[in-house]
Amino acid sequence: MYGAELAVLLILVTDKFTESMYILANEPSVALYRLQEHVRRSLPELAQHKADMQSWEEQSQGAIYTVEYACSAIKNMMDSSVYFESIDRLLRHVIAMKDQMNSAQGRR
Numbered sequence: 021m022y023g024a025e026l027a028v029l030l031i032l033v034t035d036k037f038t039e040s041m042y043i044l045a046n047e048p049s050v051a052l053y054r055l056q057e058h059v060r061r062s063l064p065e066l067a068q069h070k071a072d073m074q075s076w077e078e079q080s081q082g083a084i085y086t087v088e089y090a091c092s093a094i095k096n097m098m099d100s101s102v103y104f105e106s107i108d109r110l111l112r113h114v115i116a117m118k119d120q121m122n123s124a125q126g127r128r
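Written out as structure tokens, the structure reads:
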């Protein structure tokens, strides 16, 4: 009989101890502590990722600017083809006139 009472008391004590540990482990202040520890551990890595992303963004913005500038230069060159064609036509005309002048001087 003494052993059965001891077993019941032991079960009650262990149940109360387990319940107390469960409450203590799930108390909000403990949860906030765990959250703080998680943030403290993961924050440096996240900060490094942020710095890397900002660096990549700066590099990509530079590349985008370069491509846009090159496209603008090519468009301007294509737009200036009218002027080059006019210059070509005028040069051909001048060369033809020079040839005519040379042939006229050669006949004299």
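Numbering (the numbering used here), first residue to last: 21 to 128. Think of the CB as a built atom: it goes at the ideal place given N, C-alpha and C, for glycine as much as any other residue. Every value quoted in this text rests on a predicted model; they were computed, and no experiment measured them.
Check                                                             : Outcome
Simplified DSSP state of N96, which is helix, strand or coil      : helix
Distance between D108 and M15 (C-alpha atoms, nearest Å)          : In the structure displayed, the chain extends from 21 to 128; residue 15 sits before or after that span and is not available.
Closer than 8 Å to chain B by CB, I84                             : The displayed structure is made up of one protein chain only, and chain B is not part of it.
Delimiting residues of the alpha helix (DSSP H) encompassing N122 : 101-127
DSSP state of E47 mapped onto helix, strand, coil                 : coil
Distance between L110 and Y103 (C-alpha atoms, nearest Å)         : 11 Å
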